[in-house]
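For the sequence shown, full-length UniProt numbering assigns the number 1 to the initial residue and increments by one for each residue that follows.
Just so you know, even glycine gets a beta-carbon here, dropped at the ideal spot from N, CA and C.
Computed from a predicted structure; not experimentally measured.
One structure is given below, encoded as structure tokens.
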Amino acid sequence: MDSIRWRYYVDIIAKRLAGYRKIIKNLGVRGWVSRSSARRAAAGTTSRLVSKHCATPLYVRGATSDIRVFDQIFVDLEYRCLDQLRDVCTIIDAGANVGYSSAYLLTRFPEASIVAIEPDPDNCKALARNLAPYGSRVALHQAALWSEQGTLDFSANTTGLGNEWARKVEVTNGLGSVKAMTIDQIMAMHGLDFVDILKVDIEGAEEKVFAAQDIGWLKKVGNIVIELHGEKCSNIFMKAVVDRNFAITQCEELTVCLSQD
Numbered sequence: 001m002d003s004i005r006w007r008y009y010v011d012i013i014a015k016r017l018a019g020y021r022k023i024i025k026n027l028g029v030r031g032w033v034s035r036s037s038a039r040r041a042a043a044g045t046t047s048r049l050v051s052k053h054c055a056t057p058l059y060v061r062g063a064t065s066d067i068r069v070f071d072q073i074f075v076d077l078e079y080r081c082l083d084q085l086r087d088v089c090t091i092i093d094a095g096a097n098v099g100y101s102s103a104y105l106l107t108r109f110p111e112a113s114i115v116a117i118e119p120d121p122d123n124c125k126a127l128a129r130n131l132a133p134y135g136s137r138v139a140l141h142q143a144a145l146w147s148e149q150g151t152l153d154f155s156a157n158t159t160g161l162g163n164e165w166a167r168k169v170e171v172t173n174g175l176g177s178v179k180a181m182t183i184d185q186i187m188a189m190h191g192l193d194f195v196d197i198l199k200v201d202i203e204g205a206e207e208k209v210f211a212a213q214d215i216g217w218l219k220k221v222g223n224i225v226i227e228l229h230g231e232k233c234s235n236i237f238m239k240a241v242v243d244r245n246f247a248i249t250q251c252e253e254l255t256v257c258l259s260q261d
């Protein structure tokens, strides 16, 4: 029994040390210290964090899901699956949250511009602050990606532990309204003939987007990285892209579709 208990504690210590090494590798020692402080920060406070994978400092709100999203992108490097791409000029970030994924992609692809879409008003304020250093490379919309233009309601339900991370939109009476935008509308508004990367993390609304009658815009998208929420969403998405020449892989929680054309 003592031997089993000893191995158990050794495994715990080894896992923690491996986690610390990964954090220090990607954030640096100073970044590790700042992150540790941010994890303990109180509600209503803001911490400033840095990463080796981001050209600018980023802000994290205390007692929110921000630190978990930051870790996914800058510690776990969830979007490393896109690093191999070349000549990326245009990106749409649907479900941009507070801008960490956009900041990662803007750093990785310095010639690219991005259209960031986020429905939650508080997230949008943080998004604007985090992406302000990128200036004209960024266009922001407080809106939800949907199958048709119009107005949607915020749902009282969320898909995660942090409301600010997992805000859902639905056609129902909820917690306030938000503009609904389509991919076609976004592309026309910004004069885009082609989108090199479409990033989608919209808390289940991908079911509506990819089940729409008209998804001709898919032919104008080079690569897709999407978080699919449930088997139904996954089946609808796979049916929509089946005729495209994509290499489809999984990276952490993301489904990655890289063009083979």
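query	result
Return yes when the Cβ of residue 188 is within less than 8 Å of the Cβ of residue 144, no when it is not.	no
Tell me, please, which residues DSSP counts as bridged to residue 251.	254
Closest to residue 263 by CA distance: which of 234, 56, 210 is it?	An answer regarding residue 263 cannot be provided, because it is not within the stretch 1 to 261 covered by the chain.
Report the residue from 116, 249, 253, 245 whose alpha carbon sits nearest the alpha carbon of residue 259.	245
Would you please state the rounded distance, in angstroms, between the beta carbons of residue 114 and residue 127? I believe it to be under 8 Å.	With 8 Å as the limit, residue 114 and residue 127 do not qualify as a contact, their Cβ atoms being about 11 Å apart.
Measuring straight from C-alpha to C-alpha, what distance separates residue 37 and residue 215?	45 Å
By how many angstroms is the C-alpha of residue 176 removed from the C-alpha of residue 152?	8 Å
Would DSSP call residue 112 helix, strand or coil?	coil
Please report the straight-line C-alpha distance between residue 130 and residue 27, rounded to a whole angstrom.	17 Å
Could you give the residue range of the alpha helix (DSSP H) that holds residue 222?	Unbroken run through residue 222 is the beta strand (DSSP E), 221-226; no alpha helix (DSSP H).
For residue 200, report the span of its beta strand (DSSP E) as first-last.	195-200
Note down the Cα distance separating residue 22 from residue 84, rounded to an integer number of angstroms.	21 Å
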